[in-house]
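Peer 1: In the numbering used here, the protein residues as written are 540 to 887. For every residue, glycine included, the Cβ atom is placed at its ideal position computed from N, Cα and C.
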């Protein structure tokens with residue numbers, strides 16, 4: 540068979556050959572179309588999945604924002620009314636809620652139903668961490684939980700109030716911007732009294748914050764408390780970072796220039812009490828030596844070498860209402876131990 544070539548120099552094919560090639564071309568084309576269609580479908584599927592994932596992330600972010608806003612502005616409130624004639628309150632500087640809840644005795648304490656209110660200082664957790672790790676579950680189900688986190692620094696400061704009764708109102712901070720960034724106060728208003736959970740600023744190892752503490756914070760905070768007591772009886776509790784008298788720490792002679800026992804801090808505390816406030820523990824136990832803070836160094840707790848830095852303070856007019864004010868040395872998990880009081884509502 541002669542092989543004749545056209546002008547292009549390519550070999551001419553028979554009609555049968557052309558039909559076969561055309562059929563083969565159509566089959567290949569369909570294959571390419573099918574592959575292209577599949578590829579397009581895959582791309583569209585990926586895009587759709589990415590879009591859904593993106594939408595889910597946006598919703599998660601929106602959800603977190605709502606949680607933050609709720610914590611800052613919209614609290615679960617009620618009538619603030621206790622059904623019992625007395626109220627038992629605990630206050631504890633836990634020095635980090637994640638660390639303290641690793642101790643069995645601490646978890647049991649936070650779930651103890653005998654307390655009507657538990658106040659905490661130094662949460663050392665922000666809103667995201669609290670939600671992500673479900674730290675609220677560490678409290679008993681009989682409590683409503685109210686929180687104020689540090690806004691300027693993650694994992695720093697922070698206070699909480701866990702209450703069996705929903706308060707009438709809850710206020711974060713004291714309304715003075717320079718003090719309100721560290722999440723140091725939380726005020727709950729109940730039917731018969733205000734309760735302020737507070738973690739007072741430490742003056743620092745080198746006393747770098749002493750002037751701020753005594754000349755700014757103390758003055759503005761005391762003014763805030765004065766405003767509350769004009770409306771109804773007010774109880775302040777928490778780590779106030781001052782040992783008022785020499786009886787309130789184990790080594791007064793060696794700590795006169797140490798934060799918490801400087802003359803400036805003690806004088807400010809004296810001025811505060813002289814305005815008509817009562818240190819309930821010292822009022823009920825004038826000569827008792829008992830401490831609420833023990834340094835982690837040198838086994839100070841086992842040797843009873845500590846400081847009394849945690850207080851229940853009440854305005855003088857209602858001071859008889861606190862019938863019990865004590866320090867619980869049996870609970871472990873923090874360098875502080877809880878303080879506890881009982882309030883007779885009939886005497887407010």
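What residue does the alpha helix (DSSP H) around residue 683 start on, and which one ends it?
Peer 2: Within the chain shown, numbered from 1, the residue matching residue 683 stands at position 144. Taken as a continuous stretch (DSSP letters only), residue 683 belongs to no alpha helix (DSSP H), being part of the beta strand (DSSP E) at 683-687.
Peer 1: Would you mind working out which of 859, 631, 809 sits nearest residue 753, comparing C-alpha positions?
Peer 2: Within the chain shown, residue 753 is the residue found at index 214, counting from 1. Comparing Cα positions, the closest option is 809.
Peer 1: To test your reading of the DSSP string, which unbroken alpha helix (DSSP H) runs of 4 or more residues are found completely within the region 767-818?
Peer 2: Taking only runs of at least 4 residues, the alpha helix (DSSP H) segments lying wholly in the region 767-818 are 802-813.
Peer 1: Count the other CB atoms, across all protein chains shown, that sit within 10 Å of the CB of residue 873; report buried if there are 16 or more and exposed otherwise.
Peer 2: Position 334 of the chain shown, counted from the first residue, corresponds to residue 873. By the neighbour-count rule (16 or more Cβ atoms within 10 Å), residue 873 is buried.
Peer 1: In this structure, does DSSP put residue 764 in helix, strand or coil?
Peer 2: Locating residue 764 in the chain shown gives position 225, counting from the first residue. Three-state result, residue 764: helix.
Peer 1: State buried or exposed for residue 747, treating a residue as buried only when at least 16 other CB atoms are found within 10 Å of its CB.
Peer 2: By 1-based counting over the chain shown, the position of residue 747 is 208. Under this definition residue 747 is an exposed residue.
Peer 1: Under the three-state reduction of DSSP, which class applies to residue 876: helix, strand or coil?
Peer 2: In the chain shown, residue 876 corresponds to position 337, counting from 1. Three-state result, residue 876: coil.
Peer 1: Counting beta carbon pairs with one atom in the region 822-830 and one in the region 855-872, are three or more of them shorter than 8 Å?
Peer 2: Touching, yes, given that three or more Cβ pairs across the two stretches are closer than 8 Å.
Peer 1: Please state if the CB of residue 759 and the CB of residue 849 are separated by a distance shorter than 8 Å.
Peer 2: On the chain shown, residue 849 is found 310 positions in, with the first residue counted as 1. On the chain shown, residue 759 is found 220 positions in, with the first residue counted as 1. No.
Peer 1: Going by C-alpha to C-alpha distance, which of 629, 715, 878, 708 sits closest to residue 830?
Peer 2: Within the chain shown, residue 830 is the residue found at index 291, counting from 1. For residue 830, the nearest C-alpha among the options comes from 878.
Peer 1: Considering only residues of the same chain and omitting the five flanking positions on each side of residue 693, which have a CB-CB separation below 6 Å?
Peer 2: Position 154 of the chain shown, counted from the start, is the residue given in the question as residue 693. Once the five neighbours on either side are set aside, the close Cβ partners of residue 693 are 665.
Peer 1: Taking the beta strand (DSSP E) that residue 708 belongs to, which residues open and close that run?
Peer 2: In the chain shown, counting from the first residue as 1, residue 708 sits at position 169. Unbroken beta strand (DSSP E) run through residue 708: 708-711.
Peer 1: Determine the closest residue to residue 642 out of 884, 887, 826, 869, with distance taken between C-alpha atoms.
Peer 2: As a first step, residue 642 is located in the chain shown; it is residue number 103 there, counting from the start. Closest by alpha carbon: 869.
Peer 1: In whole angstroms, what separates the C-alpha of residue 723 from that of residue 736?
Peer 2: Position 184 of the chain shown, counted from the first residue, corresponds to residue 723. Position 197 of the chain shown, counted from the first residue, corresponds to residue 736. Distance between the alpha carbons of residue 723 and residue 736 is about 8 Å.
Peer 1: Please state if the CB of residue 699 and the CB of residue 742 are separated by a distance shorter than 8 Å.
Peer 2: In the chain shown, residue 742 corresponds to position 203, counting from 1. In the chain shown, residue 699 corresponds to position 160, counting from 1. Contact: no.
Peer 1: What does a CB cutoff of less than 6 Å around residue 707 pick up in its chain, not counting 5 residues either side in sequence?
Peer 2: The count along the chain shown starts at 1 and reaches residue 707 at position 168. Excluding sequence neighbours, residue 707 sits near 619, 728.
Peer 1: In the DSSP assignment, the beta strand (DSSP E) including residue 627 goes from what residue to what residue?
Peer 2: Start at 1 with the first residue of the chain shown, and residue 627 comes out as number 88. Per DSSP, residue 627 belongs to the beta strand (DSSP E) from 625-632.
Peer 1: Apart from the five residues on each side of it in sequence, which residues of its chain come closer than 6 Å, Cβ to Cβ, to residue 595?
Peer 2: Here residue 595 corresponds to residue number 56 of the chain shown, with the count starting at 1. Caution applies to residue 595, whose pLDDT of 48 falls short of 50 and renders its modelled position unreliable; the model cannot decide the point.
Peer 1: Would you say the region 666-683 touches the region 712-726, given that touching needs at least three Cβ pairs under 8 Å?
Peer 2: The region 666-683 vs the region 712-726: no contact.
Peer 1: So, is residue 696 buried or exposed, given that buried needs 16 or more other C-beta atoms within 10 angstroms?
Peer 2: The residue given as residue 696 occupies position 157 in the chain shown. So residue 696 counts as buried.
Peer 1: Return the CA-CA distance between residue 882 and residue 622, expressed in angstroms with no decimal places.
Peer 2: Position 343 of the chain shown, counted from the first residue, corresponds to residue 882. Position 83 of the chain shown, counted from the first residue, corresponds to residue 622. Cα-Cα distance, rounded: 13 Å.
Peer 1: Look at the alpha carbon of residue 865 and the alpha carbon of residue 880, and state the distance between them as a whole number of angstroms.
Peer 2: Indexing the chain shown from 1 puts residue 865 at position 326. Indexing the chain shown from 1 puts residue 880 at position 341. Cα-Cα distance, rounded: 6 Å.
Peer 1: Does the beta-carbon of residue 875 have 16 or more other beta-carbons within 10 angstroms, so that it is buried, or is it exposed?
Peer 2: Against the chain shown, residue 875 aligns to sequence position 336. With 16 or more other Cβ atoms within 10 Å, it is buried.
Peer 1: Kindly give me the distance between the Cβ atoms of residue 757 and residue 702, rounded to whole angstroms, as I take these residues to be in contact under 8 Å.
Peer 2: As a position in the chain shown, residue 757 is number 218, starting the count at 1. As a position in the chain shown, residue 702 is number 163, starting the count at 1. Not a contact, Cβ separation roughly 27 Å.
Peer 1: Let me know if residue 624 comes out buried or exposed under the rule of 16 or more other beta-carbons within 10 Å of its beta-carbon.
Peer 2: Locating residue 624 in the chain shown gives position 85, where the first residue counts as 1. Result: exposed.
Peer 1: Can you grab the Cα-Cα spacing for the pair residue 771 / residue 840, in whole Å?
Peer 2: Stepping through the chain shown from its first residue, residue 771 is reached at position 232. Stepping through the chain shown from its first residue, residue 840 is reached at position 301. The alpha-carbon atoms of residue 771 and residue 840 are separated by roughly 38 Å.
Peer 1: Between the C-alpha atoms of residue 686 and residue 705, what's the straight-line distance to the nearest angstrom?
Peer 2: Numbered from its first residue, the chain shown carries residue 686 at position 147. Numbered from its first residue, the chain shown carries residue 705 at position 166. Between residue 686 and residue 705, the C-alpha separation is close to 13 Å.
Peer 1: Assign residue 847 to buried or exposed, taking buried as 16 or more other Cβ atoms, counted over all protein chains shown, within 10 Å of its Cβ.
Peer 2: For the purposes of this step, residue 847 is identified with residue 308 of the chain shown, where counting begins at 1. Label assigned to residue 847: buried.
Peer 1: Thinking just about the alpha-carbon of each residue, which of 739, 807, 710 is nearest to the one in residue 613?
Peer 2: As a working note, residue 613 is residue 74 in the chain shown. Considering only alpha carbons, the answer is 710.
Peer 1: Give a yes or no on whether the C-beta atoms belonging to residue 852 and residue 775 are separated by under 8 Å.
Peer 2: Translated into the one-based positions of the chain shown, residue 852 becomes position 313. Translated into the one-based positions of the chain shown, residue 775 becomes position 236. In contact: residue 852 and residue 775 (Cβ atoms closer than 8 Å).
Peer 1: Nearest by alpha-carbon distance to residue 888: which of 646, 817, 671, 640 is it?
Peer 2: This structure leaves residue 888 out entirely; the chain is present only between 540 and 887.
Peer 1: Buried or exposed, going by whether 16 or more other CB atoms sit within 10 Å of the CB of residue 885?
Peer 2: By 1-based counting over the chain shown, the position of residue 885 is 346. Exposed: under 16 other Cβ atoms inside 10 Å.
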